[in-house]
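Asks:
There are 2 protein chains.
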Amino acid sequence: MNKKITIAIDAMGGENSPDKILKAVSLFNKKNISKDDYVLNLFGDEKLIKSKLNDDKISNNKIIITHTESVISDEDSPLTAIKNSKNTSMWNCIQSQINGNSDISLSAGNTGVLLVISRMILKMMNKVNKPALAGLWPNEKGMNVVLDLGANIECSENNLVDFAELGSALYKSIFPEDKPIVSLLNIGSEEIKGTEILKNAFKKLSSLSSENNFKFNGYIEGNKIMSGDSNVIVTDGFTGNIALKTAEGTAKFITDNLKKSLTENFLSKLSLIFSYFSLSKFKKKLDPRKYNGAIFLGLNGPVVKSHGGTDYIGFYHSIDLCYKIVKGNLMLQIKKNLNHLNNESE
Amino acid sequence: MNKKITIAIDAMGGENSPDKILKAVSLFNKKNISKDDYVLNLFGDEKLIKSKLNDDKISNNKIIITHTESVISDEDSPLTAIKNSKNTSMWNCIQSQINGNSDISLSAGNTGVLLVISRMILKMMNKVNKPALAGLWPNEKGMNVVLDLGANIECSENNLVDFAELGSALYKSIFPEDKPIVSLLNIGSEEIKGTEILKNAFKKLSSLSSENNFKFNGYIEGNKIMSGDSNVIVTDGFTGNIALKTAEGTAKFITDNLKKSLTENFLSKLSLIFSYFSLSKFKKKLDPRKYNGAIFLGLNGPVVKSHGGTDYIGFYHSIDLCYKIVKGNLMLQIKKNLNHLNNESE
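Chains as they are written, first to last, in the working numbering: chain C, 1 to 346; chain L, 1001 to 1346.
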């Protein structure tokens, strides 16, 4: 028998926890009722979790609960929170990867604290200098991986090359059928555009591309992130964070205005009856909960950060993402991609 | 009698020129038929322009045509284009500001060439180190100014302070009733977030804010660019360009998918009949042609770059923008904002 996929879940992090976490766990179990290849390791207040699990009538043969004393507080400063983190659900959730009890960790708690604790416990992978935060974006053909989304505000050319390798490994683990196509985010598609760091990363990726498990597709501009021609978009954490949030803000602005327009008078409200199914499909495709979950890459184990404010459906998608990442063997994919570094040092 | 507002227009730049330019000129004249306070200086092939103007039956008492021999070619490299630019419509259009015949220049030609030629002819303003490209974005309350959108890929803290002063002067000239509220684009709203350059710019802007013609509002994240709480967003040209294009790409992705949804079956098509007017209003509010025109700031005279691919309605909005900028006395507003530099050197 193969070893089961074990997902460590911080049951206490984020808004409305543990309720939303447990509802998400319940939904995940329901959708995977026929599968027997996974275990969910929940960390948090055992008594509270058990009472809620009973409330939800979840069959808990796929659930292991580990009691933890405290929770990372959003009131404390990050520094204080980290200092006092040893007995928290978040800390123990990640620590279980070191103990060999889990393959991946998932939390909706404070991002900054999660990044620091993860790095403290799991440590950087050999040959990777900086970890990166990767996210999923919808595009015309399906989904993109974009990284870094804010773990590093300044990056060297070697960091960007690492991110290309980490990101394409992530893409490959989630979409095993596809070949990752990597692009560097820049302000033009010509080779002469951009900073020296980008130009040097371009050169390195061009030479690596052929011997690697991804295809390097050159530069991409911001308006092509969602075109679907590339599926791994690499950038520094400052630019990636601005791009992600600008896209979120733009999407909100447009859909808010659309909603206003479609409910402003009797006729437009009437039209909603006829377009109900089409608009539901449209809404479903763009539902940000489907893309919930940023993946922390470059450590000796994957950590997924769920949006703190998402609901149980969003958190369910994060659990599903964790399942896919482990099933697709992310850590092996990363090691394959980093292989050229061995060759270089020979 | 006051001096008239004179707008120099490169009639040959961009796609479908001079046709679209002349149609835009015609539309502008029609909409301003009661006004007698402006003149449009057209630069290009005189014979061609005259024949087209007659075609369009434009009354041309508000138009002066200056014949120019050649046009900046998109086929040439920027360097070759610049070398051979002396007799072009673009060059003469900008040169007319030096000769005192125009207050502002407008072109839909090659952006890179326009930026270089503008700088060669008009020269940098005293005390401004780098020019910036500013654009207009829709927001919940009206419109934003965002800069730099790509003129400078790397910026110092002093450049960012300059951009705040240039951008708020631009905002004041277009919207004389409002007080410009300036924010720095960053990856978080807390003071400790971001690069050293941003932190230093934050400090300088905080101390300048009170004695200036704008209010400094601190940091802003990408998802708040369109919230309307700030109306001047300052960033370096790399980040600004990525943010602008990402917003464009996101808007296109959403509206394309919406269109697909609303025309996919008989019922959804039927709904369009009832929502026609609401959706038209929605479309009109988001129409990118309304925001057409990037403003090149920091030179001894304003230059506006229209999108090369826009149609005559987009170009009309750029002419209208030029009119407002001169009427609002941009150059005086800039000098007012830069005043603190005099005080500092005393």
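Ideal placement from N, C-alpha and C gives every residue a C-beta, glycine not left out.
Would you decide whether M120/C is buried or exposed? Buried here means 16 or more other CB atoms lie within 10 Å of its CB.
Replies: Burial check for M120/C: the Cβ neighbour count within 10 Å stays below 16, so the residue is exposed.
Asks: Could you check if T80/C is buried or exposed, using at least 16 other CB atoms within 10 Å of its CB as the buried criterion?
Replies: exposed
Asks: Which class does L1147/L belong to by DSSP, given the choice of helix, strand or coil?
Replies: L1147/L carries a strand assignment under DSSP once its states are collapsed to helix, strand and coil.
Asks: In chain order, what residues of the same chain have a beta carbon less than 6 Å from the beta carbon of M331/C, not counting five sequence neighbours either side?
Replies: none
Asks: Could you tell me whether any Cβ in chain L is nearer than 7 Å to the Cβ of F253/C?
Replies: yes
Asks: So, for A134/C: in the same chain, excluding its five sequence neighbours on each side, which residues have a beta-carbon less than 6 Å away from its beta-carbon?
Replies: V145, L147, G167, L170, I295 and L297
Asks: Using the rule of at least 16 other Cβ atoms within 10 Å of the residue's Cβ for burial, across every protein chain shown, is M1226/L buried or exposed?
Replies: buried
Asks: Indicate the three-state DSSP secondary structure (helix, strand or coil) for K1305/L in the structure shown.
Replies: strand
Asks: As a quick exercise: from S173/C, L115/C and D178/C, pick the residue whose alpha carbon is nearest that of K347/C.
Replies: Past the boundaries of the shown model lies residue 347/C; chain C is included only from 1 to 346, so the question cannot be answered.
Asks: Please name the residues in the stretch 278-311 of chain C whose beta-carbon is closer than 8 Å to at least one beta-carbon of chain L, in chain order.
Replies: S278, L279, K281, F282, K285 and L286
Asks: Tell me, please, whether the CB atom of G1222/L is closer than 7 Å to any CB atom in chain C?
Replies: yes
Asks: Along the chain, where does the beta strand (DSSP E) that runs through T239/C open and close?
Replies: Not the beta strand (DSSP E): T239/C falls in the alpha helix (DSSP H), residues G237 to L262.
Asks: Just checking: is the beta-carbon of L149/C within a distance shorter than 7 Å of some beta-carbon in chain L?
Replies: no
Asks: Given 6 Å as the limit, tell me if V161/C has its C-beta closer than that to any heavy atom belonging to the ligand MG.
Replies: The ligand MG is not among the ligands present in this structure, which contains no ligands whatsoever.
Asks: I'd like the list of long-range same chain contacts for E1069/L, defined as Cβ closer than 8 Å, with 5 residues on each side in sequence excluded.
Replies: N1087 and T1088.
Asks: Short of 8 Å in beta carbon distance, which residues of its chain neighbour L272/C, apart from the five on each side in sequence? Order them along the chain.
Replies: Only L262, T263 and L279 meet the Cβ criterion.
Asks: Could you work out which residues of chain L lie near N265/C, taking near to mean beta carbons separated by less than 9 Å?
Replies: F1277 and S1278
Asks: Under 6 Å Cβ to Cβ from Q333/C, same chain only, skipping five residues before and after it: list those, please.
Replies: A169, K172 and S173
Asks: Of all the CB atoms in chain L, is at least one closer than 7 Å to the CB of S345/C?
Replies: Since pLDDT at S345/C reaches only 41, below the 50 mark, its modelled position is unreliable, and no value is offered.
Asks: Is the Cβ-Cβ distance between S105/C and I94/C less than 7 Å?
Replies: yes
Asks: Whole angstroms are fine: how far does the CA of K327/C sit from the CA of P288/C?
Replies: 23 Å
Asks: So, are the CB atoms of R1291/L and L1048/L less than 7 Å apart?
Replies: Correcting the residue type first, residue 1291/L is Tyr in the shown sequence and not Arg. Result no, Cβ atoms of Y1291/L and L1048/L do not sit closer than 7 Å.
Asks: 7 Å is my cut-off, CB to CB: does A1132/L come that close to chain C?
Replies: no
Asks: Could you work out which residues of chain L lie near A243/C, taking near to mean beta carbons separated by less than 8 Å?
Replies: G1222, I1242, A1243 and T1246
Asks: What are the residues that DSSP puts in a beta bridge with Y323/C?
Replies: Bridge partners of Y323/C: none, in fact.
Asks: Taking the straight line between their C-alpha atoms, what separation do you get for G1139/L and N29/C?
Replies: Checking the sequence, you will find Asn at residue 1139/L rather than Gly. Cα to Cα, the separation comes out at about 43 Å.
Asks: Using 10 angstroms around the beta-carbon of Y1276/L, count the other beta-carbons present and answer buried if the total reaches 16, otherwise exposed.
Replies: exposed
Asks: Identify every run of the beta strand (DSSP E) within the stretch 1057-1136 of chain L, keeping only runs that are complete inside it and at least 3 residues long; order them along the chain.
Replies: 1063-1067 and 1104-1107
Asks: How far does the alpha helix (DSSP H) with I1225/L in it extend, from its first residue to its last?
Replies: Careful: I1225/L lies outside any alpha helix (DSSP H) and carries neither H nor E.
Asks: Are any of the Cβ atoms in chain C nearer than 7 Å to that of M1143/L?
Replies: False, the Cβ-Cβ gap to chain C never drops below 7 Å.
Asks: Determine the burial state of N1159/L: buried for a count of at least 16 other Cβ atoms within 10 Å of its Cβ, exposed for fewer.
Replies: buried
Asks: Leaving out five residues before and five after G14/C in sequence, what residues of the same chain have Cβ atoms less than 8 Å from its Cβ?
Replies: For G14/C, same chain residues with a beta-carbon under 8 Å away, outside a window of 5 residues either side, are K20, I21, S107, A108, G109, S306, H307, G308, G309, T310 and F315 in chain order.
Asks: Report the rounded CA-to-CA distance for D1045/L versus L1027/L, giving the unit in angstroms.
Replies: 20 Å
Asks: Starting from L42/C and walking both ways along the beta strand (DSSP E), at which residues does that stretch end?
Replies: L42/C -> beta strand (DSSP E) spans Y38 to G44.
Asks: Can you give me the C-alpha to C-alpha distance between D74/C and I82/C, rounded to a whole angstrom?
Replies: 11 Å
Asks: Closest Cβ-Cβ distance between G1249/L and chain C: below 7 Å?
Replies: At a cut-off of 7 Å, the C-beta of G1249/L has a neighbouring C-beta in chain C.
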